[in-house]
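In what follows, a structure is listed as structure tokens, so that the remarks can point back to it.
Number of protein chains: 4
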Amino acid sequence: TRQTEDVKGDRELHVKTTLRELIIYIVFLVILCIVTFGMTSTTMYYYTKVMSDLFLETTHSGGGTFKTITSVEDYWKFAKGPLIKGLYWETWYNNVTVPEDQLGYIYYENKLLGVPRLRTLQVHSNSCVVHDDFKDVIRECFESYSESLENKDSFGEKDNHTAWHYQSQDELDGSSHWGQITTYSGAGYVQDLTNNKTESEDIIEYLFEKRWIRRGTRVLFIDFTVYNANINLFCVLIRYVTVYDYFIMACEFILCLFIFYYMVEEAIEIKKHKCSYFKSVWNILDILVIIIMIMCVSFNVYRTLKVDELLQDLLNKPDQYANFEFLSYGQEQFDNAIAIAVFLAWIKIFKYISFNKTMTQLSSTLGKCAKDLAGFAVMFFIIFLAFTQLGYLLFGTQVKDFSNFQNSFFTLFRIILGDFDFDQLEAAHRILGPIFFMLFVFFVFFVLINMFLAIINDTYSEVKGDMANQKNEFEMTDYFKRGYEK
Amino acid sequence: TRQTEDVKGDRELHVKTTLRELIIYIVFLVILCIVTFGMTSTTMYYYTKVMSDLFLETTHSGGGTFKTITSVEDYWKFAKGPLIKGLYWETWYNNVTVPEDQLGYIYYENKLLGVPRLRTLQVHSNSCVVHDDFKDVIRECFESYSESLENKDSFGEKDNHTAWHYQSQDELDGSSHWGQITTYSGAGYVQDLTNNKTESEDIIEYLFEKRWIRRGTRVLFIDFTVYNANINLFCVLIRYVTVYDYFIMACEFILCLFIFYYMVEEAIEIKKHKCSYFKSVWNILDILVIIIMIMCVSFNVYRTLKVDELLQDLLNKPDQYANFEFLSYGQEQFDNAIAIAVFLAWIKIFKYISFNKTMTQLSSTLGKCAKDLAGFAVMFFIIFLAFTQLGYLLFGTQVKDFSNFQNSFFTLFRIILGDFDFDQLEAAHRILGPIFFMLFVFFVFFVLINMFLAIINDTYSEVKGDMANQKNEFEMTDYFKRGYEK
Amino acid sequence: TRQTEDVKGDRELHVKTTLRELIIYIVFLVILCIVTFGMTSTTMYYYTKVMSDLFLETTHSGGGTFKTITSVEDYWKFAKGPLIKGLYWETWYNNVTVPEDQLGYIYYENKLLGVPRLRTLQVHSNSCVVHDDFKDVIRECFESYSESLENKDSFGEKDNHTAWHYQSQDELDGSSHWGQITTYSGAGYVQDLTNNKTESEDIIEYLFEKRWIRRGTRVLFIDFTVYNANINLFCVLIRYVTVYDYFIMACEFILCLFIFYYMVEEAIEIKKHKCSYFKSVWNILDILVIIIMIMCVSFNVYRTLKVDELLQDLLNKPDQYANFEFLSYGQEQFDNAIAIAVFLAWIKIFKYISFNKTMTQLSSTLGKCAKDLAGFAVMFFIIFLAFTQLGYLLFGTQVKDFSNFQNSFFTLFRIILGDFDFDQLEAAHRILGPIFFMLFVFFVFFVLINMFLAIINDTYSEVKGDMANQKNEFEMTDYFKRGYEK
Amino acid sequence: TRQTEDVKGDRELHVKTTLRELIIYIVFLVILCIVTFGMTSTTMYYYTKVMSDLFLETTHSGGGTFKTITSVEDYWKFAKGPLIKGLYWETWYNNVTVPEDQLGYIYYENKLLGVPRLRTLQVHSNSCVVHDDFKDVIRECFESYSESLENKDSFGEKDNHTAWHYQSQDELDGSSHWGQITTYSGAGYVQDLTNNKTESEDIIEYLFEKRWIRRGTRVLFIDFTVYNANINLFCVLIRYVTVYDYFIMACEFILCLFIFYYMVEEAIEIKKHKCSYFKSVWNILDILVIIIMIMCVSFNVYRTLKVDELLQDLLNKPDQYANFEFLSYGQEQFDNAIAIAVFLAWIKIFKYISFNKTMTQLSSTLGKCAKDLAGFAVMFFIIFLAFTQLGYLLFGTQVKDFSNFQNSFFTLFRIILGDFDFDQLEAAHRILGPIFFMLFVFFVFFVLINMFLAIINDTYSEVKGDMANQKNEFEMTDYFKRGYEK
Ligand SMILES: [Ca+2]
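As structure tokens, this is what we get:
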């Protein structure tokens, strides 16, 4: 879409061309939005909410919920109570038994695919080094989890429960998971539950009695897959059904055409301008959007083809653990990519509106102060990072908000916006806490943020002064006026 | 009130006229405020609070309240406990039975009119489409509620309880209700309770045992009407009683005269200026206020006439459900309309004070930067909407604050004001959450908001400069000074 | 302290005089602070906290606390549980009985003076008017409390408990109390408890059984007086004991001298300047401080004389209710007056520092923009009040923060500072709530607040420009420099 | 590092030298950061959290936790429940007894060193003066704690439990502790528990029965020491083990060299410039960093030598209380000192980047407005302190946030940032509360903060104007450009 540049001599023609391009672009944007919103539903939040509350917010016999688990004891209370109760719905609310063919649904609606699986990871007992003086009293020491320290020996009872025997990531067809503290591998000690409530309860009781969770245990996963026909996790498969869906399908088709059109156009332009093409921010934006789009379309096609066969396999073996990890991971990336593409497409509108005078004034202000702002940003971030590090080192062991470098960074950022917990800082250190806070607020909030404002303010005055001296160019509004006068 | 424009030659006369108009206008405003405040009472909040707390905050046997209901089980616990307990007050607090003639009062004060009514809406069992692969295992599927998918078949027990039989909106004389997720029709399966506690308990137990709430049930309404003699829902009926009320009545009469006066005046002006009349913002404001006023007066008259007869009907049949839906809906609209009219009347004061010099300076600053601000607002909203959409698509399924487009919009708006929940965003996506937040704050909070300030700041300097060069006009303060000197 | 004005010719002498005055003033201020801080103690907060928590935060048998009482039932639960338990400490924590001579102490430390008293106020049963249509069903109607509607008839049991008989404000020697909803008189139905736990429990059980609290009951007071020797409510009486206290006494004496000195000085000045004296803000400040000081000293003397005799009376009759209402009320006013006097004394420092150049620049900026700011403030408050009224009328019945005009005002003020509850507004009205909020934030937060900034910013530039052109006057810093050079 | 100043004639050489210095400095900074981060671990927060939650957040039989203790009764509930349960882990979660050699570990991981110790401090019974009128009824009076009022007599039972006998600070080898209300000495009545759960329970039951905590008891300490092999409290001892640790060790060595290098350099400069050396902020920064560094290195060496021997002592006597107070105190100071040194080192970067033009513009703005800002700060703080004192005197007895001078100061500071609790203020005094708040916000938030902005804004415009007139100096960017062109 560099055509606009080519027309130079005639200002009016330029406006005309831009206008045409703008209209085409808006059509494209509207269709893109329709397609994107067609894929989401505002009720999805409530479905996810109800499911997560069922497991995370239901109280167990100890009075806490999943979120308040801090000891192994609490965990088992959770597993015996809310977990089992949430997974197996074998009676109606008035205690009448649910008929056989309606079993296996969470909330009587969400089909549990395959069986749930419990998995733990351990570290071996000599994973950390004990100081010589303590060697006599402390004989075992378990380090924080890291893949290299994983315990791979069998342990506990000598029966044929899989729970006592290590299986590698390949055997389990698993993948590593990025947890709150560190990244955990997909291997471990695995125990599948069954489709039956009483049996599953027995398994959990057995694991509890035999102390499956030991000192070296570092993490425990509970995996299960649920299918809800209403929100259609694999929505593409059955999307083309109602009339509204046919409309969406049509839009998708048009969208593909558009992508093809813009792709070709950009290709031509690259050929023409070569390297200088990449100097414009707008061009890079164009290419980015196109690449994301193509990737999404490809994933869509791939998913439609593959999911079907995967599903058949899984439905044939209802007593096994159903591994949808890869699929849901892909879907998530796809959703995010689409979201970002739409965002970028929106931003591109600015390319077209920048030749109205008031707009120009604003965008050229932004452009002009960019260099100053960048220089300022460097200063700002050096001070900000210095404070981040100071906060982390001073309060890291006691205040959650400073417990690692990123948290410390975000916490300070939130202070600027007025969201902070002063009491925590004061509790962490009665003297350094308030001093740190005061210094930070004074330098960053009062001085630096105001500097920001001074830069923009000054540049705006300057640009406005320049504009006033410039003669009026032929503008889009003039174009409309002329059309109106004719 | 365009008279001010006609007087041009003599500046002093102009000031004099304006002053007279201003005084008249202030009298009008004061009377308007007296009437409006006469209709409200600061104790109303406590009455509403006590009532809603009784039903919404009382804990049921499961430990939760109405607001924490997430399952059908919880709902029945609520119905059997707080609902029944809140509706029927048959003993004093020391367990002595309340005498017959004082029954039927909530908190011994609020008369329960008619009987409470339970109503549910269902969707039919094939309201959504199941993917082919799942057709074998999933035989029923219930879509989210929409009026077209409503189940109209009788179900459950074959006895003559109305609860099992569908009644249309017309049969029930109901109206649709705009709920949190979607709009629900006024039809459905209806069960009235009685005026007696034990009977009502039996009905609820019966519905519970027979599983009145099924998988397809999408919404359940509990409707009842309460009359409190203290706050007088239909306050107009008995307002003219005490001396203070006679004063209010007098004010109302004067207000009507005023409305008539302004109506005539505006009519004359419209005739005189024709189309150009509508170019002034003040004139449009005038007309708006007058129209709202006339509507309110009409509604007032209509209500006084109709309510009486409605009430007679309802009091004659104490065992039926009392439908006050229409009345309370109208009253609400009336209250809101009045509130807005008073607000607009206040704003109109600016028309009169704008010729004091300091004031002029400020209002002409606002006027002058309006165009720039508008241009800026367009830019601002494109970026803001792009972020809104991005937030909705990225976090919509997990974060309540982004669960639909409006929420997403409001949430981002609140971030600007410093009211946000960063942890939620970080929990939703550990990488995109913080990046999204940082980008938003940087571009919208730091850059755009400061731009806002730059525009106003620059325009103010300019206007002040212009003013300083201008010679002083004859001002209202001069008028007062002269009067003082005489 | 207008002496500074008289010296004009010699700049240096002027500085010298001011400096001397400043030093005298600082001595005065330091002594004032010492006296004030000598009267307070940082442990007082913990004493008050522990006491109020004992009664307000202890949970009763119903699971709630005093603060969550919403029904009469809850109230009696509170009275039977935390109230009795908090007033009578008859065993140690290990259930051994406390010896006779240590009875009557709350937390074994705070002497309960006299006996606690329960008092209720009722309105009579025809205090409000019922609509004609309802006259048949609703026979009694109780209005919100106002003194004229007070019920003065005896009621309930026909025994000689004072609880059933009305006593006027004079009989009870009480005073009216300004509650959350309205102001209540000091009259009512009164029942004293005793110094013995079991007896008091019986009285409360009796009142409960006989339904002392009826429909017309509008308010219930529990009054008791506690004396803690540590914080010495009547601290003046025993203040002159330790060495530190002698120091404080000395300071107080000096302070009285100062007050006398300034009093004389101001008197002289008033004589000299007559009316023009009152044109200076500093002079008015001076007089204000002196008047408050004199009042405080008088109260101090009066209290020292009277309290003693009052106390003797009360200690002689341990079985009666001890009425300290007047004393604690006076003490509170005294504390507040002192606090304000100290604040004003601090502010007066500005009079002396205003002749350093940088300072002058800042204070003349404030002075110069005062007129513009005042004009702006008028605009600001008209809009602000219009919004306040709109908020009150639209959301008053549902949102606590808007339940009356003041609340509405404060709530909007807090929105500007970023402390608000958007969800509440949205819950109150799904459409008008967000629109109201957006409009308010846009006009008041974005436009008007920035206007504020623009005014100050512009004036500062102007003043700084003027200053730069002015030649340097002889300043205080020069004075110090010269002294240093000698 | 004042070398840069010496080179004046040749601008290019100057840039070159600075660049070389900057690179050396960055190397230094990187190594410093590596060493610092090598000493901390992001999992440390979780270890501390789990431990403190165990004791502070576990609920006792009364339903509260350690944090909600308000009475002696609650305290004993805590001691009998969570304290004992948290200290002695004698069974696994499935109630199987833990083998003998794994006893004495909290969470089976954290070795309890020595035995826990309970310690109380009392004040004697005549520590405060009772008013004459009350002398008959109030015979004992206990003042707030201060060291001089300490009770040193034995009390209670006449057996040989140490609990009843006072031991001085020297006997106990203790140190004073700065608590929430005041500072407490290290002396007191001491009772050690044992390593055995049942025995410890008996001791606590004994103290409870015999009423160890009396009216005069003012504070109770529970001290115990825990060693976790994972986080290695005395990390230096075993740090040099893995390959990564060797890397850290190397860095530490290099760091020492750097410190030595900078030390020598500064010494030379001091010799050369004498007094004028101390006029530059950067030089003072240099010296500060070096001094802190040397102190830290010394402490490190000292710790390595001493800890070893201390530990041996303690491990030999497992039945005694292990006093690590001094060590943990030293470690804490060491950590804080390091953190501050790193922060200062970061800030010093500004010395080098200040000759890029955009940067200069910003830093010279800061420099130029420093004087104005300082003058302003004086004004600001007088007003701020006046408000602080007013807040403290008015609301100190009722609102926690104003309960002493510092709290009042911090609270007002937080109001500026938008973090406040208006309701509390309104509850404390219905009229003065809101007025105080409004006045503060108006003067400090609206006027003074905006003044701040005006100063920075104005100075920036000025500096930018000056810069534009100046001719471009040879800059670092030019240097790079030239290098690139060659
Ligand atoms: Ca804020």
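Residue numbers (this note's numbering), protein chains in the order written: chain A, 1 to 486; chain W, 487 to 972; chain U, 973 to 1458; chain Z, 1459 to 1944.
Backbone N, C-alpha and C define an ideal beta-carbon position, used for all residues, glycine too.
Using the C-alpha atoms, what's the distance from residue j back to residue i?
i: Z/Ile-1680; j: Z/Ile-1542; result: 12 Å
i: A/Arg-119; j: A/Ile-106; result: 22 Å
i: U/Ala-1346; j: W/Lys-854; result: 21 Å
i: U/Cys-940; j: U/Ile-1259; result: There is simply no residue 940 of chain U to check, as chain U begins at 973 and stops at 1458 in what is shown.
i: U/Thr-990; j: U/Tyr-1324; result: 7 Å
i: A/Glu-171; j: A/Gly-188; result: 10 Å
i: Z/Asp-1868; j: A/Asp-401; result: Sequence inspection shows Phe at residue 1868 of chain Z; the Asp mentioned does not correspond to that position. Near 20 Å, if we compare the C-alpha coordinates of A/Asp-401 and Z/Phe-1868.
i: Z/Lys-1806; j: A/Gln-331; result: 48 Å
i: A/Met-359; j: W/Leu-903; result: 25 Å
i: Z/Phe-1863; j: W/Asn-890; result: 47 Å
Go to residue i, then tell me how far its beta strand (DSSP E) extends in each direction, as first and last residue.
i: Z/Leu-1576; result: 1568-1580
Residue range of the alpha helix (DSSP H) that residue i falls in?
i: Z/Tyr-1533; result: 1530-1536
i: U/Gln-1163; result: Taken as a continuous stretch (DSSP letters only), U/Gln-1163 belongs to no alpha helix (DSSP H), being part of the beta strand (DSSP E) at 1160-1164.
i: W/Gly-572; result: 570-573
i: W/Tyr-946; result: 935-955
i: A/Thr-91; result: Where A/Thr-91 is concerned, there is no enclosing alpha helix (DSSP H), given that its DSSP letter is neither H nor E.
i: Z/Glu-1629; result: 1627-1630
i: U/Leu-1179; result: 1169-1181
If I measure Cβ to Cβ from residue i and keep anything under 6 Å in the same chain, skipping five residues before and after, which residues do I get?
i: Z/Ser-1643; result: Glu-1605, Gln-1627, Ser-1634
i: U/Gln-1474; result: The structure shown does not extend to residue 1474 of chain U, since chain U is modelled only from 973 to 1458, so the question has no answer here.
Going by beta carbon distance, what residues of the same chain come within less than 8 Å of residue i, once the five residues before and after it are set aside?
i: W/Tyr-579; result: none
i: Z/Glu-1615; result: Trp-1622, Lys-1668
Note down, in chain order, each residue of its chain lying with its Cβ closer than 7 Å to the Cβ of residue i, except the 5 sequence neighbours on either side.
i: U/Thr-1063; result: Thr-1069, Val-1070
Do the stretch 334-348 of chain A and the stretch 292-304 of chain A meet, that is, are 3 or more Cβ pairs less than 8 Å apart?
-> Yes: the two stretches touch, three or more of their Cβ pairs being nearer than 8 Å.
For the stretch 535-555 of chain W and the stretch 677-687 of chain W, state whether three or more C-beta atom pairs, one from each stretch, are separated by less than 8 Å.
-> Counting C-beta pairs closer than 8 Å gives fewer than three between the stretch 535-555 of chain W and the stretch 677-687 of chain W, which falls short of the contact rule.
With contact counted as at least three CB pairs below 8 Å, one residue from each stretch, are the stretch 550-565 of chain W and the stretch 859-872 of chain W in contact?
-> At 8 Å Cβ cutoff, the stretches do not touch.
Note down, one range per segment and in chain order, each alpha helix (DSSP H) of at least 4 residues found wholly within the stretch 1865-1903 of chain Z.
-> The stretch 1865-1903 of chain Z contains, as complete alpha helix (DSSP H) runs of 4+ residues, the segments 1880-1886, 1890-1898 (chain order).
Could you give the uninterrupted runs of the beta strand (DSSP E) lying entirely in the stretch 1220-1268 of chain U, keeping only those of 3 residues or more?
-> Counting whole runs of 3 or more residues, the stretch 1220-1268 of chain U contains no beta strand (DSSP E) stretch at all.
Segment contact, 8 Å Cβ cut-off, at least three pairs: the stretch 1400-1411 of chain U with the stretch 1419-1431 of chain U = Because the criterion of three Cβ pairs below 8 Å is not met, the stretch 1400-1411 of chain U and the stretch 1419-1431 of chain U do not touch.
If you scan the stretch 497-533 of chain W from start to end, which runs of the alpha helix (DSSP H) of 4 or more residues do you find wholly inside it?
-> 497-525
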